[in-house]
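The numbering of the sequence shown is UniProt numbering, which starts it at 1 and goes up by one. Below you'll find the structure, written out as structure tokens, and then a few comments.
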Amino acid sequence: MTAYPMDLGLFVDGEWLGAAGRDTVPVLDPATGETLGDLPLATRADLDRALAAADRGFREWRATAPEARAAVLSRAAALIRERIDALAAIATTEQGKIIAEAKGEAMAAAAMLDFQAGEAMRIYGRVLQRAPGTRSLVLHQPIGPVAAFCAWNFPILNVVRKLSPALAAGCSIILKPSEETPGSAVAILRILAEAGLPGNVAQIVFGVPDEVSRHLLASPVTRKLSFTGSVPVGKHLARLAADTMMRTTMELGGHGPVLVFDDCDLDRTLDMLVTHKFRNAGQVCVAPTRFYVQEAIYSRFTEGFAERTRRLRLGSGFGADVQMGPLANPRRSAAIAELVEDARAAGGRVLAGGDRSAGDGFFFAPTLIADVPSSARAMNEEPFGPLALTQSFATVEDAIANANRLPFGLAAYCFTENARRQNLLADAIEAGMVAFNGTRLTWPDAPFGGMKDSGFGSEDGPEGVAAHLVTKSVHIS
Ligand code: NAD
């Protein structure tokens, strides 16, 4: 199978809006560089219409019984499962990831909708008993219309991660997905409409990102900002949100440290880490990036990692045996090329990959660079691509200092069979999520989020809905 036809538009106040009378930007196929379609961009009038609709939609949706809200989310989950082949094909076409990963992403999105449907029914308050006949109540109410912005790396899941907790809580939402991967978002919105969601409750707009976010965040209608993307853009949006004292959930970048101790099961660890590193061509906020390996196993680790990396098959995400697709856009392949050159010049040894692959698409070979000094750019900037970097360490204290040395604090991974050490690391590592002897960090019922520059607030889990609620005390005398 090759490129899937793109269905592109804005969804505002229950109406699909096309390119007539609007500027457009081309959507590219990362595997070929060819144009897939032209995406209409919202005008100022479109944004104002979306804000007015979100205001009305919020009042209607918050008054909708939690069971009815839950039923819409569950129906949408079922429709995603029914249409998984088409949805995955859209994501692979516009983003480049391999089709098996795109299907996994759609399944995760369905699981998230189902979980948040349940959470819609579990928004509890408290009753504080006072003197007979009097009491205080603690109520949790939906915060209001949400302005949400998300990146292109998980075109299905990022969108559902923004929509599902907001809708479960009773909020309306205006979402600006990435202009580079709009087709998946359009498909999800069509599914939600079919599942019975009123057209003014969830809307999608595309546009010039800075203009759209400034307009939506300056409006008195929006009461919450939810963003997934880079640290600099996240800080910029958080500053804008401060002007209206808006609540924020910020899911920003990371620079995942991996601590590999000499008591781990090395072959199993390598198998897991190579697969996890190059998932989605490394364009994952929780991707493992800095591999710190204990001295006694360092050379065996780098050799085993390099050998597995060289065996990975690169190609179109639709290719039958392909294990890694292209990068999502030309910015990423250019950025990785620069980081590799800088690491090489700093003394890093390129043991696998190291260059852009031939062809018209945005390919970059899966790359391993050993002995990269901490001063190299790649050891400090989030590569967001297929780049693994290794250094050796001696003691657990060194490993912890390495893990915590950057301003990022999203995901960290530790491989050791020693239970005392696991406890020490679980306490000491400055990251919102830590995995031991495994790589999975995402479950619908577990909070997902970072600390330090990686952001604040959690998505997923009950925390995802709580982030869309305000607390009110009521005292009845
Ligand atoms: P970018 O920061 O320019 O854009 C990231 C996303 O934010 C895009 O979808 C974009 O449309 C949106 N965006 C940008 N400026 C915005 C604004 N002013 N208002 C609202 N939305 C805005 O970076 P990029 O080149 O697309 O991606 C590269 C970097 O993004 C990576 O280095 C990585 O740090 C980060 N990133 C992080 C995640 C994540 O899951 N945390 C996902 C994708 C990208």
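Backbone N, C-alpha and C define an ideal beta-carbon position, used for all residues, glycine too. In this text, all values refer to a predicted model and were calculated from it rather than measured experimentally.
For residue j and residue i, the rounded distance between their alpha carbons
i	j	result
R331	A185	22 Å
K224	D55	13 Å
S299	E397	21 Å
A365	T64	50 Å
F138	G361	Before going further, note that residue 138 is Val rather than Phe in the sequence given. About 55 Å.
A42	H215	11 Å
S454	T244	22 Å
S316	R83	22 Å
A111	L17	30 Å
G96	L314	11 Å
E341	R356	12 Å
G199	E15	7 Å
A195	D46	24 Å
T439	F227	24 Å
M272	M107	21 Å
V258	S230	21 Å
R268	P462	33 Å
residue 537	N418	The first residue shown for the chain is 1 and the last is 477, placing residue 537 beyond what the model contains.
N423	T248	31 Å
residue 492	L157	In the structure as shown, the chain begins at 1 and stops at 477. Residue 492 is therefore absent and cannot be evaluated.
P5	D265	45 Å
I188	V322	26 Å
R81	A343	43 Å
Contact belief for residue i with residue j at Cβ below 8 Å, rounded distance in angstroms
i	j	result
G450	G254	6 Å
L389	T289	6 Å
F11	G144	20 Å between Cβ atoms; not a contact.
M324	I174	Actually they do not touch by this definition, with Cβ atoms about 34 Å apart.
N329	E211	Actually they are not in contact, since the Cβ atoms of N329 and E211 sit about 20 Å apart, beyond 8 Å.
E430	G409	5 Å
Beta-carbon proximity check, residue i vs residue j, cutoff 8 Å
i	j	result
A76	L192	yes
V286	A411	yes
F305	L368	yes
R49	D23	no
K176	V205	yes
L213	L240	Note that residue 213 corresponds to Ser in the displayed sequence, not to Leu. It is a contact, given that the beta carbons lie within the stated cut-off.
F384	C414	no
P26	E94	no
L469	Q141	yes
D460	P447	yes
N404	N280	no
P373	G347	yes
R421	F261	yes
D38	A20	no
L339	R377	yes
V160	A91	no
A31	P326	yes
L270	F301	yes
R349	A370	yes
D29	G183	no
Q203	A53	yes
N402	F393	yes
Residue i (DSSP reduced to helix, strand or coil)
i	result
W61	helix
H140	strand
V322	coil
I123	coil
R135	strand
S178	coil
A370	strand
S164	helix
G361	coil
H215	helix
I476	strand
D38	strand
E459	strand
T93	helix
L389	strand
L314	strand
T395	coil
6 Å Cβ shell around residue i - same chain, five flanking residues per side excluded
i	result
M121	P66, A70
G464	P165
L406	H255
T222	P145, A147, L216
S333	L327, R356, F362, F364
Q391	Y292
L51	S219, V221
Sequence-distant residues of its chain with Cβ nearer than 8 Å to residue i (five each side left out)
i	result
Q116	L73, S164, P165, L167, A168, P444, G464, V465
Residues near residue i by beta carbon distance below 7 Å, same chain, minus five either side
i	result
T134	I476, S477
G432	G409, L410, G449, G450, M451, S454
Neighbour flag for residue i against chain B, beta carbons, 8 Å
i	result
A169	No chain B appears in the structure shown, which is made up of a single protein chain.
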